[in-house]
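Chemist: Okay, so the sequence shown: first residue is 15 according to this note's numbering, each after it adds one.
Quick reminder that beta carbons are idealized off the backbone N, C-alpha and C, glycines included.
Every value quoted in this text rests on a predicted model; they were computed, and no experiment measured them.
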Amino acid sequence: MLGGKLNKRKQNYSKKRGLPLKLVFIISISILIGDAFIEELLFLFFPTIPDKYVPFIDALLLITLLLPVLYFYLYRPIITQLEETKRAEEVLRTLALFDELTGLYNRRGFMSLSDQFLRLSNRTKRGLILVFADVDNMKQINDTFGHAEGDRALICTARVLQNTFRGSDVIGRVGGG
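So, in structure tokens, the structure goes:
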């Protein structure tokens with residue numbers, strides 16, 4: 015019963031498309047198999063192919079054989095380049111907003127987010143607490159113990175602030191650099 019419905023569908027497909035389903039299948043296989051073998055298969059299944067289909071079949075064979083070449087030499091490199099560009103843009107976006115040493119927002123990121131929070135506070139008529147802190151004597155630390163220790167002092171201060179404040183709070187390193 016089901017076989018009869020399937021055969022009827024195949025016949026309807028063949029009538030609508032103008033090419034038999036077997037031909038479409040054979041041409042699809044040509045992506046995986048060579049050109050000469052496909053021609054043999056075509057003539058095995060269709061000993062007399064109407065002349066009007068020959069250019070169409072040749073074009074399809076050529077296209078299906080060129081698809082892997084186009085994929086490897088055009089599409090894949092373009093996609094790879096786009097992915098690399100996207101990663102580079104993400105790195106630049108991160109560097110534009112975050113301090114590389116401490117991982118906190120840099121001046122640009124901090125000012126941008128604080129401005130948004132101030133506007134939100136004004137719009138919603140809710141209060142906002144803004145805290146500024148300064149790490150004193152950084153020049154003395156750098157001059158006495160070296161810049162590596164000064165960097166360590168900043169990193170430790172950043173960690174203390176991150177562990178003290180909520181994750182939703184905005185912490186930034188406005189000075190230095």
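May I ask you to list the residues that DSSP assigns as paired with Tyr-119?
Modeler: Tyr-119 pairs with Phe-112 and Gly-186.
Chemist: Provide the residue span of the alpha helix (DSSP H) that contains Pro-64, from first to last.
Modeler: No alpha helix (DSSP H) contains Pro-64, which DSSP labels as neither H nor E.
Chemist: Mapping DSSP to helix, strand and coil, what is Leu-175?
Modeler: If DSSP states are grouped into helix, strand and coil, Leu-175 belongs with the helices.
Chemist: Alpha carbon to alpha carbon, how far is Val-83 from Pro-91? Give it in angstroms, no decimals.
Modeler: If I take the Cα positions, the gap works out to 12 Å.
Chemist: So what's Ala-102 in DSSP terms, helix, strand or just coil?
Modeler: If DSSP states are grouped into helix, strand and coil, Ala-102 belongs with the helices.
Chemist: Cβ of Phe-146 within 9 Å of Cβ of Val-188?
Modeler: Yes, Cβ-Cβ distance for Phe-146 and Val-188 is below 9 Å.
Chemist: Check whether the stretch 95 to 104 and the stretch 133 to 152 are in contact - that is, three or more C-beta pairs closer than 8 Å.
Modeler: The stretch 95 to 104 is not in contact with the stretch 133 to 152.
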